[in-house]
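Q: Each residue of the sequence shown is one higher than the one before, starting from 392 at the first, in our numbering. Where a beta carbon is used, it is the ideal one built from N, C-alpha and C, also for glycine. Quick caveat: nothing in here was measured; it's all calculated off a predicted structure. For reference, the structure I am asking about is given below.
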Amino acid sequence: IILITFSHGLFLFVYDHDTFTPDDKMGDAEFDIKPFLEVVKMNLEGLPDGTIITKVKPNRQNCIAEESAIIWKDGKVTQNMFLRLRNVESGEIELQLQWIDVPSSPSSQAA
392 IILITFSHGL FLFVYDHDTF TPDDKMGDAE FDIKPFLEVV KMNLEGLPDG TIITKVKPNR
452 QNCIAEESAI IWKDGKVTQN MFLRLRNVES GEIELQLQWI DVPSSPSSQA A
């Protein structure tokens, strides 16, 4: 996922993988990525590894199944979460978000 600006939630659509037939939709989920992006903007250098920066609680605007901590781990902002799938009888998906800065390409710096 490449993010430039994000003012809405992040939507995930989960499909099974069928070899000989079309893939079936298994459900969908949504969560607000803004708390994660706000932490990314902070200057966290020098914090001890494993420091919890903030926690995101489940609510009606997201599909987070349980409280999710945004932490400083190995010099990166990381968030583990379980999302409850919608539009399906039952199911959850486990995600790990990790921010990786991608330096500008040499050609974009020359412009």
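Less than 8 angstroms between the C-beta atoms of G418 and N478, yes or no?
A: Closer than 8 angstroms, so yes.
Q: Helix, strand or coil for E421, going by three-state DSSP, please let me know.
A: Strand, per DSSP.
Q: Taking only the alpha-carbon atoms, compute the straight-line gap between D414 and V405 and give it to the nearest angstrom.
A: Approximately 10 angstroms, taken between the alpha carbons.
Q: For a test of the three-state rule: what should DSSP assign to L428, helix, strand or coil?
A: Note: L428 maps to helix in three-state DSSP.
Q: Can you tell which of P494, L401, D465, D423 has the C-alpha that lies nearest to the C-alpha of L438?
A: Checking every option, the nearest Cα to that of L438 belongs to D465.
Q: L474 and I461 - do their beta-carbons sit closer together than 8 angstroms?
A: Going by C-beta atoms, I461 is not nearer than 8 angstroms to L474.
Q: By DSSP, does T410 sit in helix, in strand, or in coil?
A: In the structure shown, T410 sits in coil (DSSP, three-state: anything other than H, G, I, E or B).
Q: Is it buried or exposed for F402, if we count other Cβ within 10 angstroms and need 16 for buried?
A: Exposed is the call here.
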